[in-house]
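Peer 1:
2 protein chains.
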Amino acid sequence: MARVEAIGNREREILTAIVETFIATGEPVGSRSLSRANREGLSPATIRNVMADLSEAGLLEQPHTSAGRIPTTKAYRYYVEQLTGQARLSPEDQTIITDSLAGVSDVQEFMERTSHVLSLISHNVGVAVAGGPKHALEHVYFSRLGDQKVLAVLVTHSGLVHDRILRLDLSQIDLDAAARYINENFRGWTMEAVRAEIERRLEQERSEYDRLMQSVEKLYQQGALAAEPSAETVFVEGTSNLVATERDRERLREMLKTLEEKEKVIELLSAYLDARQEAVRVVIGLDEALPSMSNFVLIGAPARVGGEVMGSLAVLGPTRIDYQHAITAVSYIARLFDQLLNESE
Amino acid sequence: MARVEAIGNREREILTAIVETFIATGEPVGSRSLSRANREGLSPATIRNVMADLSEAGLLEQPHTSAGRIPTTKAYRYYVEQLTGQARLSPEDQTIITDSLAGVSDVQEFMERTSHVLSLISHNVGVAVAGGPKHALEHVYFSRLGDQKVLAVLVTHSGLVHDRILRLDLSQIDLDAAARYINENFRGWTMEAVRAEIERRLEQERSEYDRLMQSVEKLYQQGALAAEPSAETVFVEGTSNLVATERDRERLREMLKTLEEKEKVIELLSAYLDARQEAVRVVIGLDEALPSMSNFVLIGAPARVGGEVMGSLAVLGPTRIDYQHAITAVSYIARLFDQLLNESE
DNA sequence: GGAAGCACTCTGGTCAACGGAGTGCCAATG
DNA sequence: CATTGGCACTCCGTTGACCAGAGTGCTTCC
Numbered sequence: 009m010a011r012v013e014a015i016g017n018r019e020r021e022i023l024t025a026i027v028e029t030f031i032a033t034g035e036p037v038g039s040r041s042l043s044r045a046n047r048e049g050l051s052p053a054t055i056r057n058v059m060a061d062l063s064e065a066g067l068l069e070q071p072h073t074s075a076g077r078i079p080t081t082k083a084y085r086y087y088v089e090q091l092t093g094q095a096r097l098s099p100e101d102q103t104i105i106t107d108s109l110a111g112v113s114d115v116q117e118f119m120e121r122t123s124h125v126l127s128l129i130s131h132n133v134g135v136a137v138a139g140g141p142k143h144a145l146e147h148v149y150f151s152r153l154g155d156q157k158v159l160a161v162l163v164t165h166s167g168l169v170h171d172r173i174l175r176l177d178l179s180q181i182d183l184d185a186a187a188r189y190i191n192e193n194f195r196g197w198t199m200e201a202v203r204a205e206i207e208r209r210l211e212q213e214r215s216e217y218d219r220l221m222q223s224v225e226k227l228y229q230q231g232a233l234a235a236e237p238s239a240e241t242v243f244v245e246g247t248s249n250l251v252a253t254e255r256d257r258e259r260l261r262e263m264l265k266t267l268e269e270k271e272k273v274i275e276l277l278s279a280y281l282d283a284r285q286e287a288v289r290v291v292i293g294l295d296e297a298l299p300s301m302s303n304f305v306l307i308g309a310p311a312r313v314g315g316e317v318m319g320s321l322a323v324l325g326p327t328r329i330d331y332q333h334a335i336t337a338v339s340y341i342a343r344l345f346d347q348l349l350n351e352s353e
Numbered sequence: 009m010a011r012v013e014a015i016g017n018r019e020r021e022i023l024t025a026i027v028e029t030f031i032a033t034g035e036p037v038g039s040r041s042l043s044r045a046n047r048e049g050l051s052p053a054t055i056r057n058v059m060a061d062l063s064e065a066g067l068l069e070q071p072h073t074s075a076g077r078i079p080t081t082k083a084y085r086y087y088v089e090q091l092t093g094q095a096r097l098s099p100e101d102q103t104i105i106t107d108s109l110a111g112v113s114d115v116q117e118f119m120e121r122t123s124h125v126l127s128l129i130s131h132n133v134g135v136a137v138a139g140g141p142k143h144a145l146e147h148v149y150f151s152r153l154g155d156q157k158v159l160a161v162l163v164t165h166s167g168l169v170h171d172r173i174l175r176l177d178l179s180q181i182d183l184d185a186a187a188r189y190i191n192e193n194f195r196g197w198t199m200e201a202v203r204a205e206i207e208r209r210l211e212q213e214r215s216e217y218d219r220l221m222q223s224v225e226k227l228y229q230q231g232a233l234a235a236e237p238s239a240e241t242v243f244v245e246g247t248s249n250l251v252a253t254e255r256d257r258e259r260l261r262e263m264l265k266t267l268e269e270k271e272k273v274i275e276l277l278s279a280y281l282d283a284r285q286e287a288v289r290v291v292i293g294l295d296e297a298l299p300s301m302s303n304f305v306l307i308g309a310p311a312r313v314g315g316e317v318m319g320s321l322a323v324l325g326p327t328r329i330d331y332q333h334a335i336t337a338v339s340y341i342a343r344l345f346d347q348l349l350n351e352s353e
């Protein structure tokens, strides 16, 4: 079998031409039409020969004999590698993005709008999740609401806020004391670490419980620190674009259903978007993570503030997506994210 | 034109039979098949006569001559009026609902799960919005996060919590003073009233500004009280069910798009769900509110705790929806809402 | 190695024919 | 007089045949 490395210049040109016209038209592309479009005027026959080679190399396939060729996922991967990555986002898109994101101050809102604007300019599904696994505690705050009800607010260093209502009965004075205790002791810790340490201390000092530790225990047991601050909020938008993309109704249903399940989406993003990765990642063929979305593509990046990962954003679309455009859009927004939320620190 | 009141017994029976079989099959129903299904064994010819009358009364229509009849929206309205409303929800559905809603403590979460469970058991789109126009202030809380950043938390009497991050520079002491001022003066007021009054006072006392009022003004101008506490959070789920319902692709796209626009959904619900209404309301034909969803149906109810409206929930589906089922489900959840959130007061 | 020619294949669209389901109307009937 | 049976007619959806278009593979020629 021919190795991909064996691809020569002409082959590569023809391959990219095929990929691009297929992305543009959605129809299998044949040798004749390609030769007509191609400025250098290669004859259809020549192109056919090259195509045959590319087919053998597993880069092209035919829906049936006597149809044109369509790129395989392998071809898309190859194509994406070839992209220079140096394209700039069009000014129109830039203004759409900056307008949409103007004035956002917290991560949640940023992500919500991001998913929207991504779907808008990519004409595909925009996805964003806020909240990664680790967050440093900025502080907590407890407030007595009525009898038996206490509002707990958790703020992370990164600006995520999470509130929940607990059902327990403590005076505001006790609540304040507990909050002070937690804030003074654990500020800057990750939530996991905080929970672990509190558990340890409760265990250890069980004998010499004072009023304070009793309050802390009650609060802890009611889950005051349990929920990860907005543990992964998912925003999915632009699903209506799938209608144009997917012609098979049953598959369309499947996909919509999948995208409604937030856990699935989180799983998908976290499976492919690595915290360490720097730039935009393009994953072609989501079969193994989301069977219903085989022959789909994820173009995503982690969203960072400073070094810390605060979430991720991505475009989800069919393999015949405008890669260059989606990539630049995602990377543009990812950079913007850092800028917008960093400047205010 | 024949008045609806003129409908006799036989006519009514046949009409409901037509509506029900059309709901079940989705195909236009003809006289022959109806006579076969009908236990009393009326001949097709008789039924045809009745059908002709019903058509003239504007209750049935034909896609074309020589097709069966399908009910008009008028017929659906008539049909729904006829429903006894005394059906009980099946035990399976009841357990699905109670399981899904077990342990929720705040309105947001309740609504999120409600939209999901509604879509689940109705096999259509479940919609829920949390937050109505008016909320009484329980209290506010401000906390300095870092330089230039302040966390503002707004809690309403009804338990809704809204947080936002402001960009301004005040000491924690000033913030506390401002919070105390607002809490002591405005507790129990609606947010609109609070804003109006604060504006008035700022205006009035402009001459004799003290430090406190300066802080309040800064906070106010940064929008500390601006956002309605979670001003209407919208949850829409089950859109994948639309794929089976709507065969026209373009219309399907339109509908998905509409449902993605939260303002539209809010508009829809608030247009039809009246705070004063007691029970479930069925709106047949959403043409004027949402052109893209003509020949759709809204089955919804306000969600109350005690007397106060905290949001609303609804099922959205095609005219050929299982009315009885959807109605009982919605009313069941609406009742549950009151119970669950009331018991904790 | 590239170009041209040729025979062959497969799809998608159009058209006519047809069976099925339904209707309206009229005459017969209990 | 309300029902019913019968009959002629209409319209839809499906099927099969057919054809033009686009593409391929292979062989031959430069």
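Residue numbers (my numbering), protein chains in the order written: chain A, 9 to 353; chain B, 9 to 353. Don't be surprised by glycine CBs; every beta carbon is placed ideally from N, CA and C.
Does the beta carbon of histidine 147 of chain A come closer than 8 angstroms to any beta carbon on chain B?
Peer 2: yes
Peer 1: Does any CB atom of chain A fall closer than 8 angstroms to the CB of aspartate 256 of chain B?
Peer 2: no
Peer 1: Secondary structure at serine 238 of chain A, three-state DSSP: helix, strand or coil?
Peer 2: In this prediction, serine 238 of chain A has a pLDDT of 48, which is less than 50 and means its spatial position is unreliable; what the coordinates show is noted afterwards. Coil, per DSSP.
Peer 1: Using the beta-carbon count (16 or more within 10 Å), is proline 310 of chain A buried or exposed?
Peer 2: buried
Peer 1: May I have the straight-line CA-CA distance separating arginine 289 of chain B from isoleucine 78 of chain A, to the nearest angstrom?
Peer 2: 52 angstroms
Peer 1: For the stretch 238-254 of chain A and the stretch 260-273 of chain B, state whether three or more C-beta atom pairs, one from each stretch, are separated by less than 8 angstroms.
Peer 2: yes
Peer 1: So, with DSSP's three-state summary, where would you put valine 317 of chain A?
Peer 2: strand
Peer 1: With isoleucine 55 of chain A as the anchor, note down where its alpha helix (DSSP H) starts and where it stops.
Peer 2: Unbroken alpha helix (DSSP H) run through isoleucine 55 of chain A: 52-64.
Peer 1: How long is the line joining the alpha carbons of alanine 144 of chain B and leucine 153 of chain A, rounded to whole angstroms?
Peer 2: 13 angstroms
Peer 1: Roughly how many angstroms separate the alpha carbons of alanine 138 of chain B and arginine 284 of chain A, rounded to a whole number?
Peer 2: 38 angstroms
Peer 1: On the criterion of 16 or more Cβ atoms from any shown chain inside 10 Å, does leucine 277 of chain B qualify as buried, or is it exposed?
Peer 2: buried
Peer 1: Between leucine 176 of chain B and glutamine 156 of chain B, is the Cβ-Cβ spacing less than 8 angstroms?
Peer 2: yes
Peer 1: Let me check understanding here. Comparing Cα to Cα, which of A:Glu205, A:Arg40, A:Gly49, A:Thr106 lies closest to arginine 343 of chain A?
Peer 2: Between arginine 343 of chain A and the set A:Glu205, A:Arg40, A:Gly49, A:Thr106, the nearest pair of CA atoms involves A:Thr106.
Peer 1: On a Cα-Cα basis, can you pick out the residue from A:Ala322, A:Ala186, A:Arg328, A:Phe345 that is closest to valine 133 of chain A?
Peer 2: Of the candidates A:Ala322, A:Ala186, A:Arg328, A:Phe345, A:Ala322 places its Cα closest to the Cα of valine 133 of chain A.
Peer 1: So, helix, strand or coil for tyrosine 217 of chain A, using DSSP?
Peer 2: coil
Peer 1: Name, going along the chain, the residues of the stretch 150-166 of chain B whose beta-carbon falls closer than 7 angstroms to a beta-carbon of chain A.
Peer 2: Ser151, Leu153, Gly154, Gln156, Lys157, Leu159, Val161, Val163
Peer 1: Can you tell me the Cα-Cα spacing of glutamate 192 of chain B and alanine 160 of chain B, whole angstroms?
Peer 2: Answer to the nearest angstrom: the Cα atoms are 17 angstroms apart.
Peer 1: Histidine 72 of chain B: buried (16+ other C-beta within 10 angstroms of its C-beta) or exposed?
Peer 2: exposed
Peer 1: Can you pull the chain A residues whose beta carbon is under 9 angstroms from the beta carbon of arginine 188 of chain B, in chain order?
Peer 2: For arginine 188 of chain B, there are no C-beta contacts with chain A under 9 angstroms, since the nearest C-beta of that chain is about 13 angstroms from it.
Peer 1: Under a Cβ-count criterion, where at least 16 other Cβ atoms within 10 Å of its own Cβ denotes burial, should glutamate 254 of chain B be classed as buried or exposed?
Peer 2: buried
Peer 1: Where does glutamine 229 of chain A land, buried or exposed, given buried means 16+ other C-beta within 10 angstroms?
Peer 2: exposed
Peer 1: Give a yes or no on whether the C-beta atoms belonging to serine 43 of chain B and serine 51 of chain B are separated by under 8 angstroms.
Peer 2: yes
Peer 1: Closer than 8 angstroms, CB to CB, is threonine 247 of chain A near chain B or not?
Peer 2: yes
Peer 1: Which bits of chain B does glutamate 268 of chain A rub up against, with CB to CB less than 8 angstroms?
Peer 2: Glu245, Gly246, Thr247, Ser248
Peer 1: According to DSSP, which residues form a beta bridge with leucine 264 of chain A?
Peer 2: Its beta-bridge partners do not exist; DSSP assigns none.
Peer 1: Could you check whether the stretch 121-136 of chain A touches the stretch 329-341 of chain A, counting it as contact only if at least three pairs of C-beta atoms, one from each stretch, sit closer than 8 angstroms?
Peer 2: A contact exists between the stretch 121-136 of chain A and the stretch 329-341 of chain A.
Peer 1: Cβ of lysine 265 of chain B less than 8 angstroms from any chain A Cβ?
Peer 2: yes
Peer 1: Could you check the C-alpha separation between serine 238 of chain A and valine 148 of chain A for me, to the nearest Å?
Peer 2: With a pLDDT of 48 at serine 238 of chain A, under the threshold of 50, the modelled position of this residue cannot be trusted; read the value that follows with caution. Straight-line Cα distance between these residues: approximately 14 angstroms.
Peer 1: Output needed for valine 291 of chain A: all residues of its chain with C-beta closer than 6 angstroms, excluding positions within five of it in sequence on either side, in chain order.
Peer 2: Tyr280, Leu306
Peer 1: Taking C-alpha atoms, which residue in A:Leu227, A:Phe150, A:Thr241 lies nearest to glutamine 180 of chain A?
Peer 2: Proximity to glutamine 180 of chain A across A:Leu227, A:Phe150, A:Thr241 peaks at A:Phe150, based on C-alpha coordinates.
Peer 1: At the level of alpha carbons, what is the spacing between valine 242 of chain B and methionine 318 of chain B?
Peer 2: 13 angstroms
Peer 1: Which value, in whole angstroms, describes the spacing of the CA atoms of glutamine 94 of chain A and glutamate 207 of chain B?
Peer 2: 51 angstroms
Peer 1: Is the beta carbon of valine 37 of chain A less than 8 angstroms from the beta carbon of glycine 76 of chain A?
Peer 2: yes
Peer 1: Please compile the residues from chain A whose C-beta is within a distance smaller than 8 angstroms of the C-beta of valine 251 of chain B.
Peer 2: Those within 8 angstroms of valine 251 of chain B in chain A are Arg257, Leu260, Arg261, Leu264.
Peer 1: Who are the Cβ neighbours of isoleucine 55 of chain A in its own chain at under 7 angstroms, not counting the five residues just before and after it?
Peer 2: When the five nearest sequence neighbours on each side are left out, the beta carbons in the same chain lying within less than 7 angstroms of the beta carbon of isoleucine 55 of chain A are those of Ile22, Ser39, Leu42, Ser43, in order along the chain.
Peer 1: Assign aspartate 282 of chain B to buried or exposed, taking buried as 16 or more other Cβ atoms, counted over all protein chains shown, within 10 Å of its Cβ.
Peer 2: Exposed is the call here.
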